[in-house]
Amino acid sequence: MNRNLSRDIFKAIFLNDLNRLREIFVHYNLYSWNLLDRRSLAPIHYAAYRGSGEIISWLVSEGSKVNYGSDDNQNSPLHMAAVKGNTEICSLLLTLGAKRYVTNYIDRTAAQVAEDNGYFHCATIINNYVPKEEVRYYTIPEYNGCEPKLPPELEGLFYKFIMMTNIHPVKVVFELPSVFLVNENALKIVKVLHLMSKRQFYKKEECKSTTEMLSFKFHYLATILFELAEPNDDTSKNQTDPKDVFLQKISTIEHFLQKFLHDCIVKFSYKDTALFRQMVSYMVQGMDSLPPLDIILLLVGNKRAQSGESTNEPVTCAACDEINASKKCPKCKAVKYCNRACLQIHSLMHKKKCKQIRREIKDLKSSEETSVLAKCLSIIGIK
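If you read the sequence shown in my numbering, its first letter stands for residue 12, the second for the next number, and so on.
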C-alpha cells in the first residue's frame, strides 16, 4: 500500500467517513481491502481500533478478512478492539466471525489482552460469546420425522439466555423466559444445555480455560432450570409460579442458596478440569473458604469485571448483583437494589445486618460530632 493511499484510508477511518472510503475504493481501483500499510496493519485493524462499527461491517461485506492477523504482532482486529476495551466492537467482530482463540506473538488471546489492559468486562463479553450457529444446530431435526432437540421458536430466547454475563441465580431467574417452563420445554432445554456443556468440554481449538468456563456455565444454567421445572410438574396440585417458589426459598430458607450451589459444583460432570479443581480448592480452605456463590461469580461470572475496571467499585444490587443499582434500603440507606422485587427478596437476609449497619453509622456520626466539637472548643481556647 503506497503512502498516499495509506494516508487517505487512515484519515477516512479516523473521521468515520464511510462515503470517503467508498470513493477511495473506486479512485484507486482497489480489488481488495486486505491491504497492509508500512505498520503491517490492514484497514479493518484501524477500524476496529477506532471503534467504527459501520466501517467494519462494510469492509467485511467487501471481502475484508475479519481474522486478518499477518502483521508483525499477529494481532487480529479483535485484539485491536480489545486493546481499547470496546465491548460493542468486540461483539460485532465476533458476530461477523472473529475467532477468539487466535493468539498474537506473545501468545495472548484478545480476551487476555483486554484483561492485561484492565478491561475485564470486555474480556467477559469475549469469553462468553457463543456463535448463533451452535444454538441453531439443535433446532434442526437429525432426520425426517424427528423432532428437533430445541423448538425453533425458542431459538432467539434461548440464545439470549445463554449469553448472559451476570449469572447470579436471582438474575438468572428474573431473566428466564416463562415459556421455558411451559409443557416439556424445560426438560428439552436442560438436555440441550447439557449437550452444549459436553461440546464445550471436548473443544480442542479453543483455550481450555474458556471452554471449561462455558461448559460449567451451561451446566449451571441447566441446574437452575431443572430446579425450577420440578414444582411445575403437571401432576402437582400447587400451581404457584416456580420462579416465585425458587426466589422464596432463597429469601426465607437459611443457607438454601449456598447449599444449592454447592451441590451444583459437586455435580459438574467434568471433574478432571482445572476449573473444577480450583472451585473445590476455594471450598476447602477452612476459615478462608469462599461461599459457593462467590466462587461461581468469581470464576464463571463477571464479578471481577465489576470490580476491576476502576478504583471506584460500581454499586451492585445486593439481591441479584446487577451493576448500577439505584434503589436504597429505606432504613440503613447503605445497601442498594435494582427495584422493589430485589428489595423484597433480600429483606429477610438483610434484616440483621441492617440493624448493625444503622448502629455503626450512628456511632460514626456521634464520633465525628464529638471530634468537630472538640476542635471548635480548642480553637476558642477551651480544653
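Virtual Cβ for every residue (Gly too), placed ideally from N, Cα, C.
- W69 and L32 have their C-alpha atoms spaced approximately 10 Å apart.
- Your pair L26 and I67 does not check out as a contact, with CB atoms roughly 15 Å apart and the cut at 8 Å.
- Only residues of its own chain outside the window of five on either side were considered, and among them G312 have a CB closer than 6 Å to the CB of I178, listed in chain order.
- D252: not part of any alpha helix (DSSP H); DSSP gives it neither H nor E.
- Taking the Cβ atoms as the reference, V346 lies roughly 15 Å from N335, outside the contact range of under 8 Å.
- Within the model, the alpha-carbon separation for S292 versus K214 is close to 25 Å.
- For the alpha helix (DSSP H) assignment, the uninterrupted runs of no fewer than 4 residues enclosed by the stretch 97–149 are, from N- to C-terminal side, 98–106, 121–127, 131–138, 143–147.
- T222 counts as buried, since no fewer than 16 other beta carbons sit within 10 angstroms of its beta carbon.
- Partner residues in the beta bridge of K347, as assigned by DSSP, are K339.
- Annotation: the stretch 140–198 contains the following complete segments of the alpha helix (DSSP H) (minimum length 4 residues), in chain order: 143–147, 166–173, 180–186.
- By alpha-carbon distance to L308, the top candidate from L286, V295, G297, Q296 is L286.
- K219: member of the alpha helix (DSSP H) spanning 219–240, first to last residue.
- In the three-state DSSP reduction, I356 falls in the helix class (H, G or I).
- For a cut-off of 8 Å, the C-beta gap from Y140 to L105 is around 5 Å, short enough to register as a contact.
- M294 is positioned such that its CB atom lies closer than 9 Å to that of H273.
- Shortest Cα-Cα distance from R147 to any of H38, T98, L204, A352 involves L204.
- Buried is the label assigned to D332, since at least 16 other Cβ atoms lie within 10 Å of its Cβ.
- Here the stretch 40–50 lies against the stretch 12–23, with 3 or more beta-carbon pairs under 8 Å apart.
- Excluding the 5 residues flanking it on each side, Q211 has same chain C-beta neighbours closer than 8 Å at T222, E223, L225, S226, F229, in chain order.
- Judged by beta-carbon spacing, A93 lies beyond the 9 Å limit of I24, meaning their Cβ atoms are not closer than that value.
- If you ignore the 5 residues before and after N128, its C-beta comes within less than 7 Å of the C-beta of V94, G96, all in its own chain and listed in chain order.
- Going by DSSP, M294 is part of the alpha helix (DSSP H) stretching over 285–294.
- Per the coordinates, the alpha-carbon of K364 lies some 12 Å from the alpha-carbon of C340.
- A buried status is given to R111, since no fewer than 16 other beta-carbon atoms sit within 10 Å of its beta-carbon.
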